[in-house]
Structure formats: C-alpha cells, structure tokens
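Residue numbers (the numbering used here): 68 to 580.
Down below is the structure, laid out as structure tokens.
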C-alpha cells in the first residue's frame, strides 16, 4: 500500500524582482517560460497516488508561500543563474524537516555544488526513478540518473492543471491572456555537438507522434487562445515527419506555435510550410560568425563574410513566413578577435532589422567540452558565484580580448541594438501590434543591459582589484559582486555564507538507476 505524500514541485524562473517595471515584465513575459519536466514530475507524483502541489516562481511574491508549509518532499528545478535562490529555499525546507530534491539544467552542469544543499540531485529521470525517490530508496547525498533516455511525456491533457497554474492568470481555471503559451516537445536531445552546450552528448530522439497529435487537438478544443511553445533546441530535425503531422491538422484547428530551429533545416521549399502550419515566432542560433557553421547550414570552413551573406539571405526568405524572429550570438569565443565580429553583427542588423539579435557572453557550464578546456587552461573565474553565469557578466578570461576592450565592444553593439533608428525600422517592418509591443519592451531591456555593461567597464577602468580579477591575476571576489549578490537575492542572501556562495566546479558521475 502506497502512503500518500504531500509533494511540492517548484520551478524557479527568476530571481526576486526589485522594482515595478521588472516585476511587470516578469509577470507578463517570464511567467510564460515554465518548462515541461517540472510539470511532468507533478503528473507522475499524482499518478503514483500522492498529492502533488506545483508552482512556478517568476520573481514576484514570496516563493515560500507558493507551496503548502507541511510538505513531505519538495522538488526544485532551475537554471544556474537561479541556483542561489534554490539553495536558500532548500535550507529553509530542510530546517522544516522536508526532504529536498533538485533537478533541471543546473544539476546537469554542477551536481557536486547542488549536493551541498539538497538531499538528492537528479541528472535525468523517468517515472520509475521518481517512484523510487518517493519510496525513500536513496540515501541523502546521492547524484542519480535514469539509465535510459526518456522516450515520452505525459500529455497536455494530463498536464492541464500545471499548464493553467503556470501560464494562465487569476487562478488555475481562468482564461489565458493573449500571450499565454502551452509548453510542449516533439523531440529531446541534440544532433549537434557544440562545445558550450550541456546537451552536446545527449542522443537526439523524436517523441511519439501520436501523443503530439493528441496534444494539438486537445489544445485546440480545450485551451483556445493559447500558443504552443516547443521548448526544444532543435525543433523539426526530422522535418518531414513533424510537418506531415502539422499539415494533417485542419486549417481551422491549427494552433500558432513558437520554436527554436537550425537554419540548416530550412530550404526554400520548407520555408512556406512554416507559415501554413502556424509558426509565429522562431529562434535561430547563429552563435558566431567565425564558428558553428553547421547550425547555419553552411558546412565546412567558410569566411565570416560569406556566413553573413548566406545568413542574411536565409532570413530574407523567412521574413514573410514568420512574424517574429530572433537570432542568438555568443560574442567572445576563442575564434573571435579584433573588431570583425562587431562590424559583422552591426551589418546583420542594418540589413535585416526585423530579426532581433540577442548577445550572449560565454559561460563555462559544467559537463561541456568548453568548460573542461577552460578549466585546464585556468581561464574560469572560479570564485565567481553561479548567479553571474549569465549575460551581462563574464565568468572567464578571453583569449583575444582584454576585458576593458571586450566591454567597450559589447557597449558598442548594445547601443546599436537599442538605437532609435533601428527601433523605427523594426516598428515599420512588423505587422502585428503584439510584435511592435515586444520590440519596444526588448529595446528598453537592451538599454538596461547597456547600463550594466557600462558599469562593469567603469569598474575595470577605475578599480585595479576588479581588473585583476577579470584578468585572472586574482581570485579574490570583488566587493561589487558581493554587493550584487546581496541585492539580487534580497532577504535570502543571509542564508548563504561567503563559502557557500563560492562554486564547487567538481564534476560527478551519477548513479544510474
């Protein structure tokens, strides 16, 4: 006989918001970025005969009040940037006698660090592993993982309570806003091997088409007014298989969807099919003008200028078929040097201003070839808290840039992205009011990033200890980061000592179950 437990599942989407504009942004936008696996675990717990309580924290309110106070066990998921908040909450739950389990992107990268605060840490899981955890089959201090890759997920119908709790407003059973999204997946893993990505060695596999078809029909009938967000980095690698399914759905029942896709998948004959099947937004990883050519469909060694020309041509072909497009770049990888990446990215923006460019700084996520190489070369700022493993911060020393020169170039690019002239062009070339609103909001966000880049540059120019830290000559964490940690984490900062804020970069091999 199964003893019913009270199980909490909490996904952290943001650190606490400290002003009204940021809180409003998190409420309208960040709230919609709930991922699938925490919802899946909630469903599995319910199916296993337990009481499951699921919530997302998007930076507004008190995360402790999102779940009952008398839980038996709590699962917390987050990315690395939010790990300090997860650790603080884990301390509070442990003090209250609640068993703590951590999963999500952070534990895949930094399991040893997470084990300092959680009873159990998960890399990959399936329903049987969750059942074993709830049955108390594991001693505290274990890093565990399922033996086989997950090959299916609970349906949208089974996840409906969790979807309404995360994406809807005014309670679980109210109607969605215009931008409420239903998270889903058609595949898992990755067919590429980018050295910076945590999925570089995760086998790509397509999930059952029957479940996806049932999901899309259910959303059309029971969750009208929403869009589907395919939270997978490589949507439609098996293009014909996926799109034959999408095209089999009657036109009046097709759900608008958002996806992340490689440009290499989209030849001219496929581009029109995106519009016909309801694609409204797409993210494409350009990454760099000097590397990662396979994801752009160029293959082999090409000049940076040739890659720019080919990418611009592809986006022009896509323009009339996708309402909103985003291109991601990583500036500062080892093949970047001089002013070439800056000028090429500015040329990209001038030619196709309707594609929003997102700049990322290199982050040494654990378990990746990039992190292994940077550790060997002594180029990771090992005392920098994980909270700062995100743009606009820099967690490594760069091969070809002095940190001052690097941030000068970042400011130049960021100012260009947020310029009034580019915003005017974006508004003129965007057909929907929702799209124009998004461009205005993102422009304000980019201006805020510019201010943060400028603050870092000023410190690099005026504070010799700050410069020594970012040049790798000192391991003493600058006061600036100590103060920022306190500010960003707010009242939870006091729960973590200076030692506990310092990352443990050790990698662990999970016990396979």
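Cβ atoms here follow ideal geometry from the backbone N, Cα and C, with glycine treated the same way.
Is the number of C-beta pairs between the stretch 256-269 and the stretch 129-145 that are closer than 8 Å three or more?
The stretch 256-269 is not in contact with the stretch 129-145.
Who pairs with residue 394 in a beta bridge, going by DSSP?
Translated into positions along the chain shown, residue 394 becomes position 327. Beta-bridge pairing links residue 394 to 351 and 424.
Please report the residue range of the alpha helix (DSSP H) in which residue 431 lies.
Looking up residue 431 in the chain shown gives position 364. For residue 431, there is no enclosing alpha helix (DSSP H), since its DSSP letter is neither H nor E.
Is it the case that the Cβ atoms of residue 166 and residue 178 are separated by a distance below 8 Å?
Numbered from 1 along the chain shown, position 99 holds the residue referred to as residue 166. Numbered from 1 along the chain shown, position 111 holds the residue referred to as residue 178. No, the Cβ-Cβ distance between residue 166 and residue 178 is not below 8 Å.
What do you get for residue 370, buried or exposed, if any count of 16 or more other CB atoms within 10 angstroms of its CB means buried?
Reading the chain shown from its first residue, position 303 is the one you call residue 370. So residue 370 ends up on the exposed side.
Is it true that the stretch 529-549 meets the stretch 404-423, where meeting means three or more beta-carbon pairs spaced less than 8 Å apart?
Contact check between the stretch 529-549 and the stretch 404-423: fewer than three CB pairs, one atom from each, fall below 8 Å, which does not count as touching.
In chain order, what residues of the same chain have a beta carbon less than 7 Å from the beta carbon of residue 386, not counting five sequence neighbours either side?
Taking the chain shown and counting its residues from 1, one reaches residue 386 at position 319. Excluding sequence neighbours, residue 386 sits near 421.
Residue span of the beta strand (DSSP E) that contains residue 118, given as start and end:
By 1-based counting over the chain shown, the position of residue 118 is 51. Where residue 118 is concerned, the enclosing beta strand (DSSP E) stretches over 118-124.
Going by C-alpha to C-alpha distance, which of 441, 295 and 486 sits closest to residue 349?
Taking the chain shown and counting its residues from 1, the one referred to as residue 349 is at position 282. Selected option, being the one with the closest Cα: 295.
Going by beta carbon distance, what residues of the same chain come within less than 8 Å of residue 193, once the five residues before and after it are set aside?
As a working mapping, residue 193 is identified with position 126 in the chain shown. The residues are 213, 215 and 217.
CA-to-CA distance, residue 137 to residue 175, given in whole angstroms:
Working through the chain shown from its first residue, we reach residue 175 at position 108. Working through the chain shown from its first residue, we reach residue 137 at position 70. Computed Cα separation, rounded: 29 Å.
So for residue 294, helix, strand or coil by DSSP?
For the purposes of this step, residue 294 is taken as residue 227 along the chain shown, with counting starting at 1. If DSSP states are grouped into helix, strand and coil, residue 294 belongs with the strands.
Give the straight-line distance between the Cα atoms of residue 429 and residue 298, rounded to the nearest whole angstrom.
The residue you call residue 429 lines up with position 362 of the chain shown. The residue you call residue 298 lines up with position 231 of the chain shown. Roughly 22 Å separates the two Cα atoms.
Cβ-Cβ distance between residue 130 and residue 77 below 8 Å:
Position 63 of the chain shown holds residue 130. Position 10 of the chain shown holds residue 77. Yes. Within cutoff.
Whether residue 409 touches residue 354 by CB criterion (8 Å)
Along the chain shown, one-based indexing puts residue 409 at 342. Along the chain shown, one-based indexing puts residue 354 at 287. Cβ distance not < 8 Å, so residue 409 and residue 354 don't count as in contact.
How big is the Cα-Cα spacing for residue 525 and residue 534?
In the chain shown, the residue the question calls residue 525 occupies position 458. In the chain shown, the residue the question calls residue 534 occupies position 467. Taking the straight line joining both Cα atoms gives about 10 Å.
Rounding to the nearest angstrom, what Cα-Cα distance links residue 240 and residue 139 in this structure?
If you number the chain shown from 1, residue 240 lands on position 173. If you number the chain shown from 1, residue 139 lands on position 72. For residue 240, the predicted structure reports a pLDDT of 49, less than 50, and the residue's modelled location is therefore unreliable. The matter cannot be settled from this model.
Mark residue 225 as exposed unless 16 or more other C-beta atoms lie within 10 angstroms of its C-beta, in which case mark it buried.
Within the chain shown, residue 225 is the residue found at index 158, counting from 1. Residue environment: residue 225 is assigned as buried (16 or more neighbouring CB atoms within 10 Å of its CB, all protein chains considered).
Tell me the start and end of each unbroken alpha helix (DSSP H) in the stretch 278-345 that is at least 4 residues and wholly inside, in chain order.
The qualifying runs are 306-315 and 335-344.
Contact set for residue 319: own chain, Cβ-Cβ below 7 Å, skip 5 residues either direction
As a working mapping, residue 319 is identified with position 252 in the chain shown. By the criterion of a C-beta distance shorter than 7 Å, residue 319 is surrounded by no residue of its chain, once the five residues flanking it on both sides are discounted.
Measuring alpha carbon to alpha carbon, tell me which residue in 113, 324 and 351 is nearest residue 20.
Here the chain comprises residues numbered 68 to 580, so residue 20 is not present and cannot be evaluated.
Coil, strand or helix - residue 514 by DSSP
Position 447 of the chain shown holds residue 514. It is helical.
Compare the C-alpha of residue 572 against each of 439, 317 and 115 and name the closest.
Along the chain shown, one-based indexing puts residue 572 at 505. Selected option, being the one with the closest Cα: 439.
Minimum C-alpha distance to residue 378 - residue among 86, 156 and 394
As a first step, residue 378 is located in the chain shown; it is residue number 311 there, counting from the start. Closest by alpha carbon: 394.
Taking only the alpha-carbon atoms, compute the straight-line gap between residue 471 and residue 339 and give it to the nearest angstrom.
Position 404 of the chain shown, counted from the start, is the residue given in the question as residue 471. Position 272 of the chain shown, counted from the start, is the residue given in the question as residue 339. Those two C-alpha atoms are separated by around 45 Å.
Do the stretch 562-572 and the stretch 432-451 touch if we need at least three Cβ pairs shorter than 8 Å?
Taking 8 Å as the limit for Cβ pairs, the verdict is that the stretch 432-451 does touch the stretch 562-572.
Give the range of the beta strand (DSSP E) segment to which residue 248 is assigned.
Taking the first residue of the chain shown as 1, we reach residue 248 at position 181. First-last of the beta strand (DSSP E) with residue 248: 248-251.
Any idea what DSSP makes of residue 72, helix, strand or coil?
Along the chain shown, read from residue 1 onward, the residue named residue 72 stands at position 5. In this structure, DSSP gives residue 72 a state outside helix and strand, which the three-state scheme calls coil.
DSSP-derived helix/strand/coil call for residue 484:
In the chain shown, the residue the question calls residue 484 occupies position 417. Of the three classes helix, strand and coil, the one that applies to residue 484 here is helix, per DSSP.
Count the other CB atoms within 10 Å of the CB of residue 99; is the residue buried (16 or more) or exposed (fewer)?
Numbered from 1 along the chain shown, position 32 holds the residue referred to as residue 99. By the 10 Å Cβ count, residue 99 comes out buried.
On a Cα-Cα basis, can you pick out the residue from 454, 427, 154 and 463 that is closest to residue 443?
Locating residue 443 in the chain shown gives position 376, counting from the first residue. For residue 443, the nearest C-alpha among the options comes from 463.
Helix or strand or just coil, what does DSSP make of residue 166?
Numbered from 1 along the chain shown, position 99 holds the residue referred to as residue 166. Reduced to three states, the DSSP call for residue 166 is strand.
CA-CA distance, residue 152 and residue 283?
By one-based count along the chain shown, residue 152 stands at place 85. By one-based count along the chain shown, residue 283 stands at place 216. Rounded to whole angstroms, residue 152 and residue 283 show a C-alpha spacing of 35 Å.
Would you check if the distance between the CB atom of residue 184 and the CB atom of residue 163 is smaller than 8 Å?
For the purposes of this step, residue 184 is taken as the residue at position 117 of the chain shown. For the purposes of this step, residue 163 is taken as the residue at position 96 of the chain shown. The answer is no: Cβ separation not under 8 Å.
Given that a residue counts as buried once 16 or more other Cβ atoms are within 10 Å of its Cβ, and exposed if not, what is residue 489?
Taking the first residue of the chain shown as position 1, residue 489 is located at position 422. Answer is buried; the Cβ neighbour count reaches 16.
DSSP three-state assignment for residue 372, whether helix, strand or coil:
Position 305 of the chain shown, counted from the first residue, corresponds to residue 372. Three-state result, residue 372: helix.
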